[in-house]
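Asker: Chains as they are written, first to last, in the working numbering: chain G, 1 to 229; chain H, 230 to 542.
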C-alpha cells in the first residue's frame, strides 16, 4: 500500500526541493498535511473511498440517535441482518407521525430503518429495547486519514494508482500558496490538472454505482413556505 | 469531536505566513506538575514571554497549554500543571514576529479568527446536528434556543402512557399564520401543537397553544462550536473539513491592515474557503445529510468556476 511519505518525495520534486532535507517546506508539518488535504478534497469531490466497515457497529439501546463512527463522514448503507432501509426524519414525520413511539417494556431488536442526522450522528427506529447487543454493518464514506498530527508519513493512500499523481499535483499547488505571487498563480495550472482528475474519478465512482449517493425514497410531499425556508 | 486541534490549524496558518513556530523537544529533565519549571529545549525559536505553547504529544493524557514566563538561550520557564518526561514534544503557533512592540498577529487574534471561521462554516453548511430534550415551563410561551444552536430544525413533544414513550412532531408555523387562522389563538392553552420564531426576540421560539404543564420537548438543531477556546480545543467540524478553516483564517489574517496585508492571498484563500463550503454542501445534499426538506444536488462532481476566474484573471 502506498504511503504519504512515498508521494511526498514526488511533491518535493515538483517544488525543486531536496528529498532528504527540504529547506523552505517542513516535510512533516507541511508536505504531509498537504497530501492529506489532497485526499480529503478528493473524498469530498468524489465520495471515495467507500468502506464497508469490517467491525460491526454496536447500536446503543434505548436511543434513536447513534454517534457516527469517528472516522466516517457519511453513512451510505446499513445491513445486518439484511438491508436496512434509509429514510429521512422529515419523511418519517410525513409517512408515520408516530414513528418515535415505542414500548419500553417490550424487547425489540429489529431495526426497521435509519436516517442521516448531520455528519456527526445518525438515527435508527425503533430503538433497541432489551438485553444483548444489536450490531449492524455500516458502509460509509470514510476519512482518508484519521490520525492525530503530526503525521508520520506511514499513513496509507487508499486510491487507485492512476489517481495518485493528482494528489501530488494538489499538494504541490497547496505548498506554493506560501510562495505567493507568480508562483501561486502558475500553480493554478497544476490545480487544474488535479480537478480534471477528480472529474474522472467522480465519473468512475458513478460508474461503479450510480446510486452510491442515494436519495431517500418515500412520499413526494409538497412543502409549505415555512418548511422551505 | 475530531483529532485535529485548534493549534494544528494555527500552525498550518503560521507556515503559510512564513511565521516562526515553536517545534522543539524537552532535552533537559523531567517536568514536575504544579510548579514553575525551567525547561531545556533544543530550540527556542518562536518563544517569547507571554506566548502559549503546547507541551506533550497530541492524544497524550497529560498534554497541556502553558504560558511562557521567561525565555533564555537554551530554554524557558513556565508554570506546569502536569508532569512531563524528557523527550516530549513542545510546539505551538505563537506568531512571534514583531514581539513585543510591533506585533503582526497575536495568538488571541488568530484563535478568534478560527472561531469566527469555524462558526461561519457551520452556519453556511449546517453539517453538525444535535438533539436535546428539555422541559417546558407551565404558562410560559417563549423559550431561548440552546447556546450552541445555529437553527432549530424540528421540535417534538414527548408523552408517555404506562410504558409507551411517544414523541410527536410539533408543526413549524408562524405567528402571522396563527393570526390569520384564529385571532384569539393567544388565549388558548394546552399541549403545544405548533411552534414559531417570527416576530419575537432573537434566538427564541414560541408555542401555540400556551403550555400549561411541564411537558418535555425534543429539539433537533444544527450546531455551532461554543467550546473552541484554547489551543487544545478540538474542532466541531469533521477533521476531513478542517483544512478549510486554515484558508478562512488566512483570508482574515491577510486582509487586515499592516505589513501582512496581501490582497492576492486574501482573494485566493477566500475562494478556496468558499469552494470548501460549496463542496461540503454538495456532498451533504448527495448523501441526504442536511435537513431533508432542503436537500438538492447532483452526484457528479463538477468544478466550481472560481478557480477558473482566478486563473484566467
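Note that CB positions come from ideal geometry on N, CA and C, so glycine has one too.
Residues of chain H with CB closer than 7 Å to the CB of residue 103/G, please, in chain order.
Answerer: 392 and 393
Asker: Consider the Cβ of residue 297/H: report whether some Cβ of chain G lies at a distance smaller than 9 Å.
Answerer: At a cut-off of 9 Å between C-beta atoms, residue 297/H does not count as an interface residue with respect to chain G.
Asker: Select from 406/H, 486/H and 433/H the residue whose C-alpha is nearest the C-alpha of residue 376/H.
Answerer: Nearest of 406/H, 486/H and 433/H to residue 376/H, Cα basis: 433/H.
Asker: Between 401/H, 443/H and 451/H, which has its C-alpha nearest residue 427/H's C-alpha?
Answerer: 401/H
Asker: Which chain H residues sit within Cβ distance under 7 Å of residue 93/G?
Answerer: 398
Asker: Suppose the cutoff is 7 Å on Cβ atoms and the five residues either side in sequence are ignored; what does the same chain contact list for residue 267/H look like?
Answerer: Hits under 7 Å: 304 and 306.
Asker: With residue 255/H and residue 317/H assumed to form a contact (beta carbons below 8 Å), what rounded beta-carbon distance in angstroms separates them?
Answerer: 5 Å
Asker: Are the C-beta of residue 360/H and some C-beta of chain G separated by less than 9 Å?
Answerer: With a threshold of 9 Å between beta carbons, residue 360/H makes contact with chain G.
Asker: Cβ closer than 7 Å: which chain G residues qualify as neighbours of residue 472/H?
Answerer: 37 and 40
Asker: In chain order, what residues of the same chain lie with their CB nearer than 7 Å to the CB of residue 418/H, ignoring the 5 residues before and after it?
Answerer: 438, 439 and 441
Asker: What are the boundary residues of the alpha helix (DSSP H) that includes residue 116/G?
Answerer: Unbroken run through residue 116/G is the beta strand (DSSP E), 113-117; no alpha helix (DSSP H).
Asker: From residue 470/H to residue 410/H, what distance separates their C-alpha atoms?
Answerer: C-alpha separation (whole angstroms): 45 Å.
Asker: Assign residue 389/H to one of three DSSP states: helix, strand, or coil.
Answerer: For residue 389/H, the secondary structure class from DSSP, reduced to helix, strand or coil, is strand.
Asker: Grouping DSSP H, G and I as helix and E and B as strand, with all else coil, what is residue 79/G?
Answerer: strand
Asker: Could you tell me whether the Cβ of residue 233/H comes closer than 9 Å to any Cβ of chain G?
Answerer: So yes, residue 233/H belongs to the interface.
Asker: Along the stretch 47-66 of chain G, what residues have a CB closer than 9 Å to any CB found in chain H?
Answerer: 47, 64 and 65
Asker: Since residue 32/G is in the alpha helix (DSSP H), which residue starts that stretch and which ends it?
Answerer: 32-46
Asker: Could you tell me which uninterrupted beta strand (DSSP E) segments, each at least 3 residues in length, are contained entirely in the stretch 49-93 of chain G, listed from first to last along the chain?
Answerer: 50-52, 57-59, 65-67, 72-79 and 83-86
Asker: To which residues does DSSP link residue 121/G through a beta bridge?
Answerer: 67/G and 117/G
Asker: Taking the alpha-carbon of residue 311/H as reference, which of 301/H, 260/H and 322/H has the nearest alpha-carbon?
Answerer: Nearest Cα to residue 311/H within the set 301/H, 260/H and 322/H: 260/H.
Asker: Tell me whether the beta-carbon of residue 84/G lies closer than 9 Å to the beta-carbon of residue 50/G.
Answerer: With a cutoff of 9 Å on beta-carbon distance, residue 84/G and residue 50/G are scored as not near each other.
Asker: Could you tell me whether the Cβ atoms of residue 423/H and residue 436/H are closer together than 9 Å?
Answerer: yes
Asker: Taking the C-alpha atoms as reference points, what is the distance between residue 298/H and residue 239/H?
Answerer: 22 Å
Asker: Which residue marks the beginning of the alpha helix (DSSP H) containing residue 429/H, and which one marks its end?
Answerer: From DSSP, residue 429/H is part of no alpha helix (DSSP H); its letter is neither H nor E.
Asker: So, does the stretch 36-44 of chain G touch the stretch 465-479 of chain H, judging by three or more C-beta pairs under 8 Å?
Answerer: yes
Asker: Per DSSP, residue 255/H forms a beta bridge with which residues?
Answerer: DSSP, once it has assigned bridges, lists 270/H as partnering residue 255/H.
Asker: What's the gap between the Cα of residue 378/H and the Cα of residue 175/G?
Answerer: 36 Å
Asker: Should the stretch 176-190 of chain G be called in touch with the stretch 63-82 of chain G, which here means at least 3 C-beta pairs below 8 Å?
Answerer: Under the 8 Å Cβ criterion, the stretch 176-190 of chain G does not count as touching the stretch 63-82 of chain G, having fewer than three qualifying pairs.
Asker: For the stretch 122-132 of chain G and the stretch 51-62 of chain G, state whether three or more C-beta atom pairs, one from each stretch, are separated by less than 8 Å.
Answerer: yes
Asker: Can you give the Cα-Cα distance for residue 198/G and residue 46/G, rounded to whole angstroms?
Answerer: 7 Å
Asker: For a test of your reading of the model: does the CB of residue 509/H fall under 8 Å from any non-hydrogen atom of the ligand SAM? Yes or no.
Answerer: The ligand SAM is not among the ligands present in this structure, which contains no ligands whatsoever.
Asker: Which term fits residue 107/G, buried or exposed, when burial requires 16 or more other beta carbons within 10 angstroms of its beta carbon?
Answerer: exposed
Asker: Express the C-alpha separation of residue 100/G and residue 224/G in angstroms, rounding to a whole number.
Answerer: Low per-residue confidence applies at residue 224/G: pLDDT is 43, beneath 50, and the placement is therefore not dependable enough to give any value.
Asker: Find the residues of chain H that neighbour residue 146/G, judging by a C-beta separation of less than 9 Å, and give them in chain order.
Answerer: 231, 232, 468 and 469
Asker: Using the rule of at least 16 other Cβ atoms within 10 Å of the residue's Cβ for burial, across every protein chain shown, is residue 78/G buried or exposed?
Answerer: buried
Asker: Quick check: what's the CA-CA separation for residue 309/H versus residue 277/H?
Answerer: 17 Å
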